[in-house]
Amino acid sequence: MIAKEMIYPGDTRALVWWLVEEAPCLLAMCRDAGIHVDDLLDLPVKRQREVAAERLLLQQAFGKPVTLTHDGQGAPMVTGMDVSISITHTVGLVGLAWNAHLVVGLDAERIDRRQVIKVRDKFLNAAEQQFIAEDDQAAHIIAWTAKEAIIKAERNSAIDWTEGICLEPPVSEGGEAIFDARYAERRYRLVSRLLQDHIITLALPVEE
1 MIAKEMIYPG DTRALVWWLV EEAPCLLAMC RDAGIHVDDL LDLPVKRQRE
51 VAAERLLLQQ AFGKPVTLTH DGQGAPMVTG MDVSISITHT VGLVGLAWNA
101 HLVVGLDAER IDRRQVIKVR DKFLNAAEQQ FIAEDDQAAH IIAWTAKEAI
151 IKAERNSAID WTEGICLEPP VSEGGEAIFD ARYAERRYRL VSRLLQDHII
201 TLALPVEE
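Numbering of the sequence shown is given in our numbering, commencing with residue 1 and proceeding in unit increments.
Put into structure tokens, the structure is as follows:
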């Protein structure tokens with residue numbers, strides 16, 4: 001397994017794995033690492049790959065096999081550990097972010113996902129459409145992943161994407177797009193990075 005580690009402000013870390021291994025290989029990797037996978041054998045192959053990859057990333061992050069559960073909103077939690085985690089899956093990639101002090105949200109999408117432009121009215125409000133050009137595909141994906149990352153951090157899938165989350169214009173800094181956003185009374189700092197063929201965005205709350 002070759003996962004790229006990324007470091008963010010506030011003692012936040014993330015692992016990103018460009019996943020090419022098939023399910024039997026991933027299950028074997030888990031067994032070799034002492035990770036239980038018998039409960040995955042009856043799952044569809046796609047889900048076997050996702051969960052096995054999650055478990056391998058979690059072991060790399062925490063140095064031992066851990067048990068992943070989910071809260072009432074479906075958000076992931078590590079049993080017996082006081083740590084916030086966020087997991088993202090998209091075509092060819094799985095990612096994990098964690099922080100022991102702050103909630104985190106992580107999302108990733110392929111840079112060539114042009115469908116986001118076709119649905120811009122469903123996730124961009126009027127103010128955001130003023131600074132995100134209709135033909136700027138990368139900017140749309142950054143905005144999409146930013147809102148998804150905030151929803152994950154909030155553990156609330158019912159948030160109104162369009163008006164509930166308000167993004168500010170991003171600033172490019174050292175190869176990253178950095179910007180703030182507001183949901184209700186909370187402010188978030190977003191960091192978007194283009195890595196290979198994916199945009200990966202992390203959301204962290206900002207104390208005011």
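Beta carbons: idealized from backbone N, C-alpha and C, even for Gly.
Assigned secondary structure, residue i (DSSP; H/G/I helix, E/B strand, else coil)
{"i": "Arg120", "result": "helix"}
{"i": "Ala180", "result": "This sequence places Asp at residue 180; Ala is not what is there. If DSSP states are grouped into helix, strand and coil, Asp180 belongs with the strands."}
{"i": "His89", "result": "strand"}
{"i": "Leu15", "result": "strand"}
{"i": "Glu5", "result": "strand"}
{"i": "Leu40", "result": "helix"}
Spatial distance of residue i from residue j (CA atoms)
{"i": "Val51", "j": "Cys25", "result": "13 Å"}
{"i": "Leu43", "j": "Ala23", "result": "11 Å"}
{"i": "Arg110", "j": "Leu195", "result": "10 Å"}
{"i": "Val37", "j": "Lys64", "result": "15 Å"}
{"i": "Ile2", "j": "Trp17", "result": "7 Å"}
{"i": "Asp135", "j": "Ala126", "result": "16 Å"}
{"i": "Thr162", "j": "Ala133", "result": "16 Å"}
{"i": "Glu207", "j": "Arg114", "result": "35 Å"}
Limits of the beta strand (DSSP E) - the one that residue i falls within
{"i": "Glu207", "result": "Glu207 -> no beta strand (DSSP E), and no H or E assigned at all."}
{"i": "Asp32", "result": "Not the beta strand (DSSP E): Asp32 falls in the alpha helix (DSSP H), residues Ala23 to Asp32."}
{"i": "Ile111", "result": "Counting along the chain, Ile111 falls outside any beta strand (DSSP E), and DSSP gives it neither H nor E."}
{"i": "Glu185", "result": "That residue, Glu185, is in no beta strand (DSSP E); it is neither H nor E in DSSP."}
Residue i and residue j closer than 8 Å at C-beta
{"i": "Arg143", "j": "Leu167", "result": "Contrary to the premise, residue 143 reads as Ala rather than Arg in this sequence. Taking 8 Å as the Cβ cut-off, Ala143 and Leu167 qualify as a contacting pair."}
{"i": "Ile159", "j": "Ile151", "result": "yes"}
{"i": "Leu19", "j": "Arg49", "result": "yes"}
{"i": "Thr145", "j": "Ile87", "result": "no"}
{"i": "Leu58", "j": "Leu68", "result": "yes"}
{"i": "Gly92", "j": "Leu106", "result": "no"}
{"i": "Asn156", "j": "Gln73", "result": "yes"}
{"i": "Val78", "j": "Ala100", "result": "no"}
Neighbour-count burial assignment, residue i, 16 or more Cβ in a 10 Å radius
{"i": "Ala53", "result": "buried"}
{"i": "Leu202", "result": "buried"}
{"i": "Pro9", "result": "exposed"}
{"i": "Pro169", "result": "exposed"}
Residue range of the unbroken alpha helix (DSSP H) whose run includes residue i
{"i": "Ala52", "result": "Val45 to Phe62"}
{"i": "Thr145", "result": "Gln137 to Glu154"}
Cβ-heavy atom distance, residue i to the ligand SAM, below 7 Å
{"i": "Met6", "result": "Looking at this structure, you won't find the ligand SAM or any other ligand, since it has none at all."}
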